[in-house]
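J.: Input: one structure, supplied below.
2 protein chains.
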Amino acid sequence: MTEHSTAPRSRRERPAKPALTREGIVATAVALMLAEGLPRVTMRRLAQELDTGPASLYVYVRNTAELHAAVLDELLGEVDLGPAKGDGDWRGRVVAVLTSYTNVLFEHSALARAALAVHPSGHNYLALLETLLALLHEGGVPDDRAAWGVDVLLQTATATAAEHATRGEAGDAEGQRDALAAMVHDVPAATHPRVAALGVELFTGTPQERLTWIFRVLLDGIRHTPRT
Amino acid sequence: MTEHSTAPRSRRERPAKPALTREGIVATAVALMLAEGLPRVTMRRLAQELDTGPASLYVYVRNTAELHAAVLDELLGEVDLGPAKGDGDWRGRVVAVLTSYTNVLFEHSALARAALAVHPSGHNYLALLETLLALLHEGGVPDDRAAWGVDVLLQTATATAAEHATRGEAGDAEGQRDALAAMVHDVPAATHPRVAALGVELFTGTPQERLTWIFRVLLDGIRHTPRT
DNA sequence: ACCTGAACACCGTTCAAGT
DNA sequence: ACCTGAACACCGTTCAAGT
Chain R
107 MTEHSTAPRS RRERPAKPAL TREGIVATAV ALMLAEGLPR VTMRRLAQEL DTGPASLYVY
167 VRNTAELHAA VLDELLGEVD LGPAKGDGDW RGRVVAVLTS YTNVLFEHSA LARAALAVHP
227 SGHNYLALLE TLLALLHEGG VPDDRAAWGV DVLLQTATAT AAEHATRGEA GDAEGQRDAL
287 AAMVHDVPAA THPRVAALGV ELFTGTPQER LTWIFRVLLD GIRHTPRT
Chain W
107 MTEHSTAPRS RRERPAKPAL TREGIVATAV ALMLAEGLPR VTMRRLAQEL DTGPASLYVY
167 VRNTAELHAA VLDELLGEVD LGPAKGDGDW RGRVVAVLTS YTNVLFEHSA LARAALAVHP
227 SGHNYLALLE TLLALLHEGG VPDDRAAWGV DVLLQTATAT AAEHATRGEA GDAEGQRDAL
287 AAMVHDVPAA THPRVAALGV ELFTGTPQER LTWIFRVLLD GIRHTPRT
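Residue numbers (this note's numbering), protein chains in the order written: chain R, 107 to 334; chain W, 107 to 334.
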């Protein structure tokens, strides 16, 4: 009897379709991304997850790029800002925070590429920015260089994650890496002496090893190189 | 009479449909990209341009990513390697070559994003690599640092171009930049003192101004920072 | 070996119409 | 104001079948 007591309360799905809000949409998008990867976080797929049509999402989200940016900022909440308050060398603490940032992007690889495209602007990104700027300030880096420097540091981390992104999820970068390696291997010393001389050296090191070196290169350079 | 002389010679289109070759496909892809932008360089659109079906292209091209990589390498032929043989400071010459590289990517913006995804491996990329390695060698940069350093230099240039890519072609990054700028403007000094202190400083400078500073930062850092 | 038609399984975004 | 059905204009990739 209670099953279909009144008319307007028509057949509804099990999990009591929740009202649409930007928050709910983004949360669902994050869950979907964790479960199936960013490429599956499309307007249509997400709408289906929310038991509605894609057009409905456009009330809360301008487009797919903005949706991905929101997902990205949400994930930036996983970055460990703790090391910033440690008491070791400030440079080591900058590297620790950036390494945590990189690891988050590495785990959710496709997001790194999105990060380059959208320039995140959520509050988690802002917290990261603040943390890094405070450390550079503590290290005595002049404001004008810190302002530009923090951008390069994050960009380098992001780009490195983006480059090594395809390996896991879309799985076809492997072949491309080999293509370059093979080309470098076969290069004649007569036309390309330096490439031939360095050879495999060009491909040594894990992304992490390379990154920690690069972070130090940047911190050194930022401290020593005046602007203008 | 000659119009339809024999039967097998059926109605054919004006530009005498050329035989498919990888070269021809890539050349057409480049032309299409120059005319309509990279987002239009799809398998289907390209096949249409070549007067065939998309399936035919898969004989010569593994997938869309590889196609874009080939287009990218072709465009890398526009990079001016001339400055490398000048006689000024080697650092200035590195910056000149990298600036040319950046300009090419800036003009064909969407390619920059592709460059991060595919790690180009054509012969034009190889020539660029050789040129930069020779300059670093000339500058006395140790081999192990040159090997990793050249990668960072190119990555930074590429990532910067990729970030500022959307502005022109897809045209929606503008709004996102403003979003971050607005957020930074409204940030309370109590919770985010450094962000508040730097304020607009975070957004000053053209990409080119920033890049030339960054290139010097990197060259300085690479010279002074040992590996391990 | 090379080429193709047709199909499968998707996309983003807009818009007129409803509530 | 919010939500939706339906449509428009596309995608990448595979595969059986032809030449």
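Ideal Cβ placement from N, Cα and C applies to all residues, glycine included.
(1) In its own chain, which residues sit with a C-beta less than 7 Å from the C-beta of residue 247/R, not counting the 5 before and 5 after it?
(2) Establish whether the CB of residue 206/R and some CB of chain W are separated by less than 9 Å.
(3) Should the segment 289-302 of chain W be called in touch with the segment 284-291 of chain R, which here means at least 3 C-beta pairs below 8 Å?
(4) From residue 304/W to residue 253/R, what does the alpha carbon distance come to, in whole angstroms?
(5) Residue 168/R by DSSP, collapsed to three states: which one?
(6) Pick helix, strand or coil for residue 160/R, following the three-state DSSP scheme.
(7) If you draw a straight line from the alpha carbon of residue 313/R to that of residue 185/R, how long is it in whole angstroms?
(8) Looking at the unbroken alpha helix (DSSP H) that takes in residue 306/W, where does it start and where does it end?
(9) Are the CB atoms of residue 317/R and residue 205/R nearer to each other than 9 Å?
(10) Looking only at C-alpha atoms, which of 166/W, 323/W, 208/W and 192/W sits nearest to residue 125/W?
(11) Looking only at its chain, what residues have a beta carbon closer than 8 Å to the beta carbon of residue 147/W, apart from the 5 residues adjacent to it on each side?
(12) In chain order, what residues of the segment 318-332 of chain W put their CB closer than 7 Å to some CB of chain R?
(13) Residues in its own chain within less than 8 Å of residue 333/R by CB, not counting five upstream and five downstream?
(14) Relative to the C-alpha of residue 193/W, which candidate in 309/W, 132/W, 263/W and 241/W has its C-alpha closest?
(15) How about residue 230/R and residue 260/R: are their beta carbons less than 9 Å apart?
(16) Can you list, in chain order, the residues of its chain with a C-beta nearer than 8 Å to that of residue 183/R? Leave out the 5 residues immediately preceding and following it.
(17) Beta-carbon of residue 195/R versus every beta-carbon of chain W: anything under 9 Å?
(18) Go through its chain and collect everything with a Cβ distance to residue 155/W's Cβ below 7 Å, but skip five positions before and after it.
(19) With 9 Å as the threshold, decide whether the Cβ of residue 246/W is near any Cβ in chain R.
(20) Quick check: the Cα distance between residue 296/R and residue 232/W, rounded to an integer number of angstroms?
(21) Skipping 5 residues on each side, what residues in its chain have a beta carbon closer than 7 Å to that of residue 264/R?
(22) Taking any Cβ of chain W, which residues in the segment 119-148 of chain R have a Cβ under 8 Å from it, in chain order?
(23) Are residue 207/R and residue 239/R close, meaning C-beta to C-beta below 9 Å?
T.: Here's the rundown:
(1) Within the first sequence, residue 247/R is the residue found at index 141, counting from 1. Excluding sequence neighbours, residue 247/R sits near 255, 328 and 329.
(2) Within the first sequence, residue 206/R is the residue found at index 100, counting from 1. False, the Cβ-Cβ gap to chain W never drops below 9 Å.
(3) no
(4) On the second sequence, residue 304/W is found 198 positions in, with the first residue counted as 1. On the first sequence, residue 253/R is found 147 positions in, with the first residue counted as 1. Between residue 304/W and residue 253/R, the C-alpha separation is close to 7 Å.
(5) Numbered from its first residue, the first sequence carries residue 168/R at position 62. Three-state DSSP puts residue 168/R in coil, outside helix and strand.
(6) If you number the first sequence from 1, residue 160/R lands on position 54. Looking at residue 160/R - three-state DSSP - the assignment turns out to be helix.
(7) In the first sequence, residue 313/R corresponds to position 207, counting from 1. In the first sequence, residue 185/R corresponds to position 79, counting from 1. Looking at the two C-alpha atoms, the distance is approximately 18 Å.
(8) By one-based count along the second sequence, residue 306/W stands at place 200. Per DSSP, residue 306/W belongs to no alpha helix (DSSP H) and is neither H nor E.
(9) Position 211 of the first sequence, counted from the first residue, corresponds to residue 317/R. Position 99 of the first sequence, counted from the first residue, corresponds to residue 205/R. Yes.
(10) Locating residue 125/W in the second sequence gives position 19, counting from the first residue. The option with the nearest alpha carbon to residue 125/W is 166/W.
(11) Walking along the second sequence from the start, residue 147/W turns up at place 41. 135, 138, 139, 173, 174 and 177.
(12) 319, 320, 322, 323, 324, 326, 327, 328, 330 and 331
(13) As a first step, residue 333/R is located in the first sequence; it is residue number 227 there, counting from the start. The residues are 250, 251 and 254.
(14) On the second sequence, position 87 is the one that residue 193/W refers to. The option with the nearest alpha carbon to residue 193/W is 241/W.
(15) As a working mapping, residue 230/R is identified with position 124 in the first sequence. As a working mapping, residue 260/R is identified with position 154 in the first sequence. Contact flag unset, no.
(16) One-based indexing of the first sequence puts residue 183/R at position 77. Result list for residue 183/R: 230, in chain order.
(17) Numbered from its first residue, the first sequence carries residue 195/R at position 89. Output row for residue 195/R: interface = no.
(18) Residue numbering aside, residue 155/W sits at position 49 when the second sequence is read from its first letter. Within the same chain, residue 155/W has close Cβ partners 134 and 138.
(19) Stepping through the second sequence from its first residue, residue 246/W is reached at position 140. Not closer than 9 Å to any Cβ of chain R, the Cβ of residue 246/W fails to qualify, so no.
(20) Along the first sequence, one-based indexing puts residue 296/R at 190. Along the second sequence, one-based indexing puts residue 232/W at 126. Looking at the two C-alpha atoms, the distance is approximately 14 Å.
(21) Here residue 264/R corresponds to residue number 158 of the first sequence, with the count starting at 1. These residues qualify, in order along the chain: 211, 218, 221 and 222.
(22) none
(23) Reading the first sequence from its first residue, position 101 is the one you call residue 207/R. Reading the first sequence from its first residue, position 133 is the one you call residue 239/R. Cβ atoms of residue 207/R and residue 239/R: not closer than 9 Å.
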